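Here's the structure we're looking at; comments come further down.
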Amino acid sequence: MATKAEKLPLVLLLNNVPFIPSFQEKFSNQFRTLKRTDLSIPVNEFLKKDCQSVKALVCGAKFAVTKEFLDCLPSLGCMVLTCVGLDNIDLGECKKRGIVIGNAGTVYSEDVADFAIGLLIDVLRKISSGHRFVRSGLWSINTEFPLGSKLSGKRIGIVGLGSIGSEVAKRLVAFNCIISYTSRNKKPSVPFSYHSNVVDLASCNDVLILTCELNKQTFHIINKDVMSALGKKGIIINVGRGALVDEKEMVGV
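Per the working numbering, the sequence shown starts with residue 715, numbered consecutively.
Put into structure tokens, the structure is as follows:
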């Protein structure tokens, strides 16, 4: 006969997330947890063997949650993502099975926006390249290091004015940047110029900052036409998924 603890819902943790131990301790009287400890075993093999009764899954962007993946979890009813993007999830299949999905929402928005501004300042002011210049010893042989340019007054186009994009814009305002954006819809409440497509946005700006989600519509949204419109001196800061940019075209531009 199953004990009280064995009757608790089983939660599968596929991520090594720092907050999970405290979370597990706090709710230990409400659920049991299962971890994939032997990483030499393929994920699907582990799922088929040990996870038939799993009710909830905690995972991140590393795992592709496909139909085949879900077939291994016949009892799954809830999925909690430690990331924001849903591009690794077969949403249609989850909907068919009645699986409820929750993601990190706006938890990381301010941090990602800080990172975007940090990357932009790094590129404009040549901070990382200057560091490499000094470390290589070139400064000692009177080699001139080319100076960068200031962020203040730059024309910045934001691709996707959602939670992260809005936080990026908030920070750029402090640098007196000229901000414009493209998004699924025009946002009447913001004071920035709106462009209905990325090519037009690129043609009017020195920098593009990518903060949109990755989906079928945004896959390779930064293509050859966009790069040409931005120009050879243009800068692209991507804090979204890599596949937003057509990297093969980027190399050729």
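Built from N, CA and C at the ideal position, the CB exists for glycine as well. These numbers were taken from a predicted model, which means no experiment stands behind them.
>> At the level of alpha carbons, what is the spacing between L928 and L915?
In response: In a straight line, the C-alpha of L928 is about 19 Å away from that of L915.
> I think N758 touches F783, with their Cβ atoms under 8 Å apart; what is that distance to the nearest whole Å?
Replying inline: 7 Å
> Just curious, the alpha helix (DSSP H) that K809 is in, first and last residue?
Replying inline: 805-811
> In the segment 777-852, which residue ranges form an unbroken alpha helix (DSSP H) of at least 4 residues, counting only runs that do not cross its ends?
Replying inline: 781-785, 805-811, 823-839, 841-849
>> I need the DSSP call for V912, collapsed to helix, strand or coil.
In response: helix
>> In the DSSP output, which residue or residues are listed as bridge partners for G876?
In response: In the DSSP output, where bridge partners are listed per residue, G876 has none listed.
>> Rounded to whole angstroms, what is the Cα-Cα separation between S910 and R846?
In response: 40 Å
>> Please report the distance separating the alpha-carbon of L1040 from that of I893.
In response: The question about residue 1040 has no answer here: the residues shown for the chain are numbered 715 through 967.
> Nearest to K776 by alpha carbon, out of I950, L728, K946, T747?
Replying inline: Checking every option, the nearest Cα to that of K776 belongs to L728.
> Quick check: the segment 938-948 against the segment 847-860, are there 3 or more CB pairs under 8 Å?
Replying inline: They do not touch, by the three-pair rule.
> Should F906 and A888 be called a contact, given that it needs their Cβ atoms to be closer than 8 Å?
Replying inline: no
> In its own chain, which residues sit with a C-beta less than 6 Å from the C-beta of E824, not counting the 5 before and 5 after it?
Replying inline: E881
> Under the three-state reduction of DSSP, which class applies to A957: helix, strand or coil?
Replying inline: Assigned with DSSP and collapsed to three states, A957 falls in helix.
> Given that a residue counts as buried once 16 or more other Cβ atoms are within 10 Å of its Cβ, and exposed if not, what is S897?
Replying inline: buried
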